[in-house]
Structures are given as structure tokens and as C-alpha cells.
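**Student:** This is the structure, below, for whatever I ask next.
In our numbering, the protein residues as written are 1 to 146.
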């Protein structure tokens, strides 16, 4: 029973974290994406590639609603995945982690996860590589980036 409780807690914590991630993205990021896509839609209409018709906007809004719902679902799946990975690694390595209680051990493992999954890759692969757009350095940047 103890292991089922541990698995349930890990999956529930991952689900809650993932849904929180999806909701935060929905509240903070989606308004920016909506304004950018509205600019693109206006450019399409002004260039004549699309018409400003009710069917165009109905298709657009139904697709955006699907994307926003998928964002929360994707966050939930990501949270469950990370929670499962954390739970497996913690169950295997809890006797070798430093610390005298389970909370300290889980915080140490969380710090290791953060370093391995976010901090180190961020320093190697920034969101926008330096010198983007300079054709004279493209081969060098590709070699360094990979």
C-alpha cells in the first residue's frame, strides 16, 4: 500500500504542476500570441490572401480554442512525465542522496533535476543563439550550437 500511495502522490503532484503551467501560460503568454496572430490575420486580409468573412474568423477562433485547450493538456502530460521521472529517480536513489530526512533529500534531487534539465542546457543552448542573421558566421554558429 505504501508504494501505491507514493505513486499516487507523485502523479497527482505532477498533474497539479502541469495544469498550473498550462494555466499560467494561458493567462500570461496567450494574450501576446493572440495579438501577434491578429496582426498576421490583418496582414493576410490586407494583402488579399484571405477575406474578412465570418467563416474565416469562425475557423480561426475554433482553431485557437483547440490550441488553448491543448496547451493545458500538454502541460498536464508534461507535469505527469516530470513527476513520474522524479518519483522513479527518488525511489531508486533515496538511500544515496545527502540529507537526514526525506524533505531535504527531495529538495537536493529537485535541485539536481533543475540543474540537469534547465540550467546547464540553457547555458549551452540559449533561446536565441548569438549572431542570428549574420550569414558570415553561419557555419561557425551551426558547429557550436550542435
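Here a beta-carbon is modelled for each residue, glycine too, at the ideal position from N, C-alpha and C.
By Cβ distance below 8 Å, which residues in the same chain neighbour residue 25 in space, the five residues on each side in sequence not counted?
**Tutor:** Cβ within range, chain order: 71 and 75.
**Student:** Can you find the residues in the same chain that come closer than 8 Å, C-beta to C-beta, to residue 52, ignoring five residues on each side of it along the sequence?
**Tutor:** Within the same chain, residue 52 has close Cβ partners 45.
**Student:** Looking at C-alpha atoms only, which residue of 41, 32, 15 and 118 is the closest neighbour of residue 58?
**Tutor:** It is 41 whose Cα lies nearest to the Cα of residue 58.
**Student:** Consult DSSP for residue 98 and reduce its assignment to one of helix, strand or coil.
**Tutor:** Three-state result, residue 98: coil.
**Student:** Please check the pair residue 80 and residue 15, which I expect to be a contact at CB under 8 Å, by giving their CB distance rounded to whole angstroms.
**Tutor:** Confirmed, Cβ separation roughly 5 Å.
**Student:** Please report how far the alpha carbon of residue 31 lies from the alpha carbon of residue 66, in whole angstroms.
**Tutor:** In a straight line, the C-alpha of residue 31 is about 15 Å away from that of residue 66.
**Student:** Here's the rule I'm using: 16 or more other beta-carbon atoms within 10 Å means buried, otherwise exposed. How should residue 10 be labelled?
**Tutor:** By the 10 Å Cβ count, residue 10 comes out buried.
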